[in-house]
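Working notes, structure below.
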Amino acid sequence: MLKADLHIHTTASDGLLSPEEVVKWAVHKKLSAVAITDHDTVKGVQPAVDMSDSYKIEVVPGIEFSSKHMDEEIHILGYFIDYQKNWLKEKLDEMYQSRYNRAIRMVEKLNAIGIEITLEQVKNIAESATIGRPHIARAMIEKGYIDNLKDAFRLYIGKGGPAYVERYRISCQEAIDMIKELGGVSVLAHPGLINNKNCIDEILDMGIEGIEVYHTKHDDETVRSSLKLAAQRKLLITGGSDCHGIFVNNQPILGNVWVDFKYVQLLKEKAETKQENEKI
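The sequence shown begins at 4 in the numbering used here and counts up by one.
What follows is the structure in structure tokens.
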């Protein structure tokens, strides 16, 4: 069976693996396809696409939009998007600035409670990536304030923590509409992690086209309920590890959760049909 991991983050956002490393690890793990789905950025797509032919692997251009609905943080995945549209770059630049401004305020809050890290340190860790809370957490680890990312979120920068700062997020409808305008396929990410289950039906009513059934944090019951929902709503099925570069036994979790390659083909067919209809 040909396998695909359709949820992967790179150093373009908050992952630890570069796009090139993702491709190499995917080949090592005998995957036939990967999707680059960084948070609110497509900077990691082209470097991975450039390697696809020589490494004989399909790279799906994607994104994971951070959005909001009913006070819940909702992630919307987009697959086979036209990631080179000029207007997309402008929109993502706005989102980058939102994350940057948030980082400034979080560092200030940490400083106020005696955690002496600097914005410059966080920027050096993020390099050219979109700045996120994991970069702030890694700065705290470097300075010896905490031992791991989990403690950073639990004690300081998670929701409700003393240094947490809310940031602007687009609406789910806006994310879905943007993916549609980019000729891509919109998918609800990890529904099992959504606390308010009542909002799932509302999001599906917005015109979303798929649901992430298989995910690292989905248990068997979540998989079953997601499959049932997909059948009822006639949604495409996706799945992936949501790999951020976490290593287990000296290997990243990339490819630990996967779907049959046929689901990549179904996503591509859906996107191609939409793009053809746009030309008519």
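C-beta atoms are modelled at their ideal positions from N, C-alpha and C, and glycine is treated no differently.
With contacts defined as CB atoms closer than 8 angstroms, ILE77 and ILE66 fail to qualify as a contacting pair. Residue state for ALA38 is assigned as strand, using DSSP reduced to three classes. In the structure shown, the three-state DSSP call for VAL251 is strand. Just measuring C-alpha positions, the residue of GLY210, VAL168, HIS31 and TRP90 sitting nearest SER101 is VAL168. Distances from the CA of TRP28 to each of SER228, PHE250 and GLY242 were compared; the closest alpha carbon is that of PHE250. With distances taken between CA atoms, LYS162 lies nearest to ASP74 out of ASP74, TYR103 and ASN253. Rounded to whole angstroms, the gap between the alpha carbons of ALA142 and VAL125 is 6 angstroms. For the beta strand (DSSP E) assignment, the uninterrupted runs of no fewer than 3 residues enclosed by the stretch 200 to 277 are, from N- to C-terminal side, 213 to 218 and 239 to 243.
Proximity to GLU123 across LYS92, ALA106 and TYR171 peaks at ALA106, based on C-alpha coordinates. Leaving aside the five residues that flank ILE211 on each side, the residues in its chain whose CB is nearer than 6 angstroms to its CB run, in chain order, ILE179, SER189 and LEU191. In the structure shown, PHE156 falls within a helical segment according to DSSP collapsed to helix, strand and coil. Under the 8 angstroms Cβ criterion, the stretch 13 to 23 counts as touching the stretch 238 to 250, having at least three qualifying pairs. Beta-carbon to beta-carbon, LYS231 and HIS193 are separated by about 16 angstroms, too far to satisfy the 8 angstroms threshold. TRP90 counts as exposed, since fewer than 16 other C-beta atoms from the protein chains shown sit within 10 angstroms of its C-beta. The distance from the Cβ of ASP8 to that of GLY195 is about 17 angstroms, inconsistent with a contact at the 8 angstroms cut-off.
Here SER174 carries a strand assignment [DSSP, helix/strand/coil]. With fewer than three CB-CB distances shorter than 8 angstroms, the stretch 149 to 159 does not count as touching the stretch 38 to 57. Here the C-alpha atom of GLN278 lies approximately 43 angstroms from the C-alpha atom of ALA155.
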